[in-house]
Amino acid sequence: MKLEELHKEDAPRRPVRRIDGNQLSELANLPELKKLILINTGVSSVCFSDIGFGSKSVMFSSLKQLSVDNNNISHWSFINELDKVKSLHSLSCQNNPVLEAETNLETARQFIIAKIGGLKFLNKTEILPEERKGAELDYRKTFGTAWLKAGGNKDPVLRKYENERC
Numbered sequence: 001m002k003l004e005e006l007h008k009e010d011a012p013r014r015p016v017r018r019i020d021g022n023q024l025s026e027l028a029n030l031p032e033l034k035k036l037i038l039i040n041t042g043v044s045s046v047c048f049s050d051i052g053f054g055s056k057s058v059m060f061s062s063l064k065q066l067s068v069d070n071n072n073i074s075h076w077s078f079i080n081e082l083d084k085v086k087s088l089h090s091l092s093c094q095n096n097p098v099l100e101a102e103t104n105l106e107t108a109r110q111f112i113i114a115k116i117g118g119l120k121f122l123n124k125t126e127i128l129p130e131e132r133k134g135a136e137l138d139y140r141k142t143f144g145t146a147w148l149k150a151g152g153n154k155d156p157v158l159r160k161y162e163n164e165r166c
């Protein structure tokens with residue numbers, strides 16, 4: 001199936017087998033799309049080129065739930081980009097190389113929570129205010145020095161992940 005053949009009413013019944021970042025951006029213009037399930041589709045990247053870091057995209061304007069389990073997401077830039085989705089509140093992203101590269105899956109969870117400000121559920125588990133506060137503080141402790149060395153750039157690990165920018 002080609003993505004240009006996918007209509008809003010088909011999405012729940014017609015699975016997408018393989019998808020890349022460019023094709024994913026084609027779905028971004030479905031204004032009523034609230035839930036997107038891309039499990040085991042091979043997705044590895046996403047880029048919201050319409051805006052920069054710290055801003056919210058007009059793409060996926062109604063998307064609230066995203067599932068990207070069992071894919072090829074191997075760079076934190078994918079997670080960084082998801083913060084640009086203004087209404088995203090639920091993310092499932094288990095079994096991806098970027099998370100498995102972390103020695104502690106709980107640390108990876110905390111990084112995701114710190115990186116996506118509007119997230120309320122991660123991997124079907126509610127993010128309580130105390131957990132968010134702790135995740136954001138730990139993230140600052142972990143990357144604060146790098147942030148200062150990078151000149152106080154809004155992206156604390158910009159230089160480390162320069163090649164991952166979309």
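Going by the UniProt record's numbering, the first residue of the sequence shown is number 1, and it counts up by one from there.
Beta carbons: idealized from backbone N, C-alpha and C, even for Gly.
Residue interval of the beta strand (DSSP E) (run including residue i)
{"i": "Leu105", "result": "Segment 105-115 is the alpha helix (DSSP H) holding Leu105; no beta strand (DSSP E) there."}
Coarse secondary structure for residue i, derived from DSSP in three states
{"i": "Lys35", "result": "strand"}
{"i": "Leu122", "result": "strand"}
{"i": "Ser55", "result": "coil"}
{"i": "Ser92", "result": "strand"}
{"i": "Val98", "result": "helix"}
{"i": "Phe48", "result": "coil"}
{"i": "Lys72", "result": "It is Asn, not Lys, that sits at residue 72 in the sequence shown. Three-state result, Asn72: coil."}
{"i": "Ser62", "result": "coil"}
{"i": "His7", "result": "Summary for His7: the model assigns pLDDT 44, below 50, so the residue's position carries little reliability, and this model does not support an answer."}
Bounding residues of the alpha helix (DSSP H) (the contiguous stretch that carries residue i)
{"i": "Leu137", "result": "129-149"}
{"i": "residue 169", "result": "It is not possible to answer for residue 169, since the shown part of the chain is limited to 1 through 166."}
Residues bridged to residue i (per DSSP)
{"i": "Val85", "result": "Ser57"}
{"i": "Ser67", "result": "Ile37, Ser92"}
Distance between beta carbons of residue j and residue i, contact taken as under 8 Å
{"i": "Cys93", "j": "Asp69", "result": "6 Å"}
{"i": "Ser62", "j": "Ser90", "result": "The Cβ separation is near 13 Å, so there is no contact."}
{"i": "Lys56", "j": "Lys34", "result": "Not a contact, Cβ separation roughly 16 Å."}
{"i": "residue 168", "j": "Ile112", "result": "Outside the shown range of the chain (1 to 166) lies residue 168, about which nothing can therefore be said."}
{"i": "Phe78", "j": "Ala28", "result": "Their Cβ separation, rounded to whole angstroms, is 15 Å, which puts Phe78 and Ala28 out of contact at 8 Å."}
{"i": "Asn71", "j": "Thr107", "result": "Rounded, the Cβ-Cβ distance is 20 Å, inconsistent with contact."}
{"i": "Val98", "j": "Trp76", "result": "6 Å"}
{"i": "Leu30", "j": "Leu66", "result": "Leu30 to Leu66, Cβ: 13 Å. No contact."}
* Asked: Hey, is the region 133-143 in contact with the region 108-117, meaning 3+ C-beta pairs nearer than 8 Å?
  -> Output reads yes: the region 108-117 touches the region 133-143.
* **the region 95-108 / the region 119-129 touching (three or more Cβ pairs under 8 Å)** => With a cut-off of 8 Å, the region 119-129 and the region 95-108 do not count as touching, because too few Cβ pairs lie within range.
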